[in-house]
Amino acid sequence: DTSRLKKAVRLVDGRIETEASGNVTMSTVRAIAETGVDFISCGALTHSVAALDISLLLDVAPPTAL
Numbered sequence: 100d101t102s103r104l105k106k107a108v109r110l111v112d113g114r115i116e117t118e119a120s121g122n123v124t125m126s127t128v129r130a131i132a133e134t135g136v137d138f139i140s141c142g143a144l145t146h147s148v149a150a151l152d153i154s155l156l157l158d159v160a161p162p163t164a165l
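Just so we're aligned, residue 100 is where the sequence shown starts under our numbering, counting upward by one.
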């Protein structure tokens with residue numbers, strides 16, 4: 100039910116930016132967007148993604164005299 104989001108967006112009336120977050124899925128995101136919120140956080144985009152195991156190796160050069 101997005102009625103609370105719609106009410107909140109009307110209440111702030113553009114004075115602050117609004118964001119919807121929590122329990123956002125690909126099947127509910129359109130209805131949430133239609134409430135007028137400025138931003139939507141959707142953790143469902145990354146919940147099922149496998150992690151990539153990478154590393155970053157640095158070689159530090161000795162300081163040089165100027």
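Cβ atoms here follow ideal geometry from the backbone N, Cα and C, with glycine treated the same way.
Range covered by the beta strand (DSSP E) that runs through residue i
i           : result
residue 120 : 118 to 120
For residue j and residue i, the rounded distance between their alpha carbons
i           : j           : result
residue 164 : residue 157 : 21 Å
residue 138 : residue 119 : 6 Å
residue 114 : residue 108 : 10 Å
Three-state class that DSSP yields for residue i in the structure shown
i           : result
residue 139 : strand
residue 114 : coil
residue 102 : helix
residue 107 : helix
residue 157 : coil
residue 151 : coil
Pick from the options that is closest to residue i, judged by C-alpha positions
i           : options               : result
residue 121 : 144, 109, 135 and 113 : 144
Boundaries (first-last residue) of the alpha helix (DSSP H) holding residue i
i           : result
residue 131 : 128 to 132
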